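Worksheet: the structure to be examined is printed underneath.
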Amino acid sequence: MGGVVEVRRGGRRRIDRVLGAGFSAGLGELGLAEVRARRDDAAQEETDLSYLRRLLHARIDLVRAEQRRRREGGTAPVVADLARILAVNAVGPATGSGRHQTLQPSRAEAHRRHVEALVADADLSDVGSLSAEQLEGALAAYRTEESSISQRRREVQQVVDTFNAEIGSRYASGSASVDELLADQRRLAE
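Just so you know, we're using our numbering here: the sequence shown kicks off at 10 and counts up by one.
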């Protein structure tokens, strides 16, 4: 079984940097371009965590649907309900954070592999063939990972909020201007 998302002090992954002690420290001394770059880095991590969380929700829903089918004595395979389950979670738009996300996950394939590796002995492509114990084990693993991902996502959202507040403060005080932002964007587009 895979593990809970740990933040490694001094680690090289984006989540290690974004949740590292120095990432948000000394914002007042950083230039606006650096503040924006760090905010964007944190926002990308939030997008990736949101995507991973949605993948986990889809698998949780799939296992629950199979458990419900068995409890209720249903004969139709859960796969008949798969389109709805996927449409609600992994394929649909991100919901729940109150944030509009315009970014796409940067490591979608790696996230899919991570979720698949959580429960190596539970092939959800044939969920009906799994034992009750395998379903319970899969559900427990997915819930544990989802809880960890959700906690890290909330922490990353706080980092994004910190950077957004700093940027807003600079515009409110006049130390940053929209004209500079537009000039920077034009330069980048050239």
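For every residue, glycine included, the Cβ atom is placed at its ideal position computed from N, Cα and C.
Here the structure is a predicted model, which means the values were calculated and not measured.
**Report entry** Cβ-based neighbour list, residue 189, same chain, cut-off 8 angstroms, excluding 5 preceding and 5 following
**Finding:** Counted from its first residue, the sequence shown places residue 189 at position 180. So the list reads 41, once near-sequence residues are dropped.
**Report entry** Cα-Cα separation between residue 29 and residue 68, rounded to whole angstroms
**Finding:** Numbered from 1 along the sequence shown, position 20 holds the residue referred to as residue 29. Numbered from 1 along the sequence shown, position 59 holds the residue referred to as residue 68. Rounded to whole angstroms, residue 29 to residue 68 spans 30 angstroms at the Cα level.
Query raised in the report: Where residue 167 and residue 24 are concerned, what is the direct C-alpha to C-alpha distance, given to the nearest angstrom?
Result: On the sequence shown, position 158 is the one that residue 167 refers to. On the sequence shown, position 15 is the one that residue 24 refers to. C-alpha separation (whole angstroms): 13 angstroms.
Query raised in the report: Going straight from the alpha carbon of residue 161 to that of residue 54, what length do you get?
Result: The residue given as residue 161 occupies position 152 in the sequence shown. The residue given as residue 54 occupies position 45 in the sequence shown. Looking at the two C-alpha atoms, the distance is approximately 10 angstroms.
**Report entry** Same chain, Cβ closer than 6 angstroms to residue 78, five either side skipped, listed in chain order
**Finding:** Reading the sequence shown from its first residue, position 69 is the one you call residue 78. Same-chain partners within the cutoff: 87.
Query raised in the report: What are the boundary residues of the alpha helix (DSSP H) that includes residue 179?
Result: Taking the first residue of the sequence shown as 1, we reach residue 179 at position 170. 141-182 is the extent of the alpha helix (DSSP H) around residue 179.
Query raised in the report: What three-state label does DSSP hand residue 45 in the structure shown?
Result: As a working note, residue 45 is residue 36 in the sequence shown. In this structure, residue 45 counts as helix in the three-state DSSP scheme.
Requested in this report: Determine the closest residue to residue 62 out of 198, 163, 90, with distance taken between C-alpha atoms.
Outcome: In the sequence shown, the residue the question calls residue 62 occupies position 53. Of the listed residues, the one whose Cα sits closest to residue 62 is 163.
Query raised in the report: What's the gap between the Cα of residue 153 and the Cα of residue 133?
Result: On the sequence shown, position 144 is the one that residue 153 refers to. On the sequence shown, position 124 is the one that residue 133 refers to. Answer to the nearest angstrom: the Cα atoms are 18 angstroms apart.
Requested in this report: Could you check if residue 51 is buried or exposed, using at least 16 other CB atoms within 10 Å of its CB as the buried criterion?
Outcome: The residue labelled residue 51 in the question sits at position 42 within the sequence shown. Classification of residue 51: buried, given that the 10 Å Cβ count is 16 or more.
Requested in this report: Please go through the same chain and pick out, in chain order, the residues whose beta-carbon is closer than 8 angstroms to the beta-carbon of residue 155, but skip the five residues on each side of it.
Outcome: Counted from its first residue, the sequence shown places residue 155 at position 146. Closer than 8 angstroms at the Cβ level, and outside the excluded window around residue 155, lie 62, 65, 66, 69.
Query raised in the report: Where residue 82 and residue 58 are concerned, what is the direct C-alpha to C-alpha distance, given to the nearest angstrom?
Result: What you label residue 82 is simply residue 73 of the sequence shown in a count that begins at 1. What you label residue 58 is simply residue 49 of the sequence shown in a count that begins at 1. Between residue 82 and residue 58, the C-alpha separation is close to 36 angstroms.
Requested in this report: Determine the closest residue to residue 113 out of 72, 19, 49, with distance taken between C-alpha atoms.
Outcome: Indexing the sequence shown from 1 puts residue 113 at position 104. Nearest option by C-alpha distance: 49.
Query raised in the report: Which term fits residue 138, buried or exposed, when burial requires 16 or more other beta carbons within 10 angstroms of its beta carbon?
Result: Numbered from 1 along the sequence shown, position 129 holds the residue referred to as residue 138. Burial call: exposed.
Requested in this report: Excluding the 5 residues preceding and the 5 following residue 148 in the sequence, name in chain order all residues of the same chain whose CB lies nearer than 8 angstroms to its CB.
Outcome: The residue labelled residue 148 in the question sits at position 139 within the sequence shown. These residues qualify, in order along the chain: 69, 72, 73, 76.
Query raised in the report: With 16 as the cutoff for other CB atoms within 10 Å, does residue 180 come out buried or exposed?
Result: Taking the first residue of the sequence shown as 1, we reach residue 180 at position 171. Exposed, since its Cβ has fewer than 16 Cβ neighbours within 10 Å.
Query raised in the report: Counting along the chain, where does the alpha helix (DSSP H) carrying residue 27 start and finish?
Result: Your numbering for residue 27 matches position 18 in the sequence shown. Unbroken alpha helix (DSSP H) run through residue 27: 23-27.
Query raised in the report: Does DSSP put residue 134 in a helix, a strand or coil?
Result: As a first step, residue 134 is located in the sequence shown; it is residue number 125 there, counting from the start. Three-state result, residue 134: helix.
**Report entry** Candidates 172, 21, 185, 17, of which the one nearest residue 34 by Cα
**Finding:** Against the sequence shown, residue 34 aligns to sequence position 25. For the residues 172, 21, 185, 17, the minimum Cα distance to residue 34 belongs to 172.
Query - Member of 144, 184, 199 whose CA lies at the smallest distance from the CA of residue 37 - result: For the purposes of this step, residue 37 is taken as residue 28 along the sequence shown, with counting starting at 1. Minimum Cα distance to residue 37 is reached at 184.
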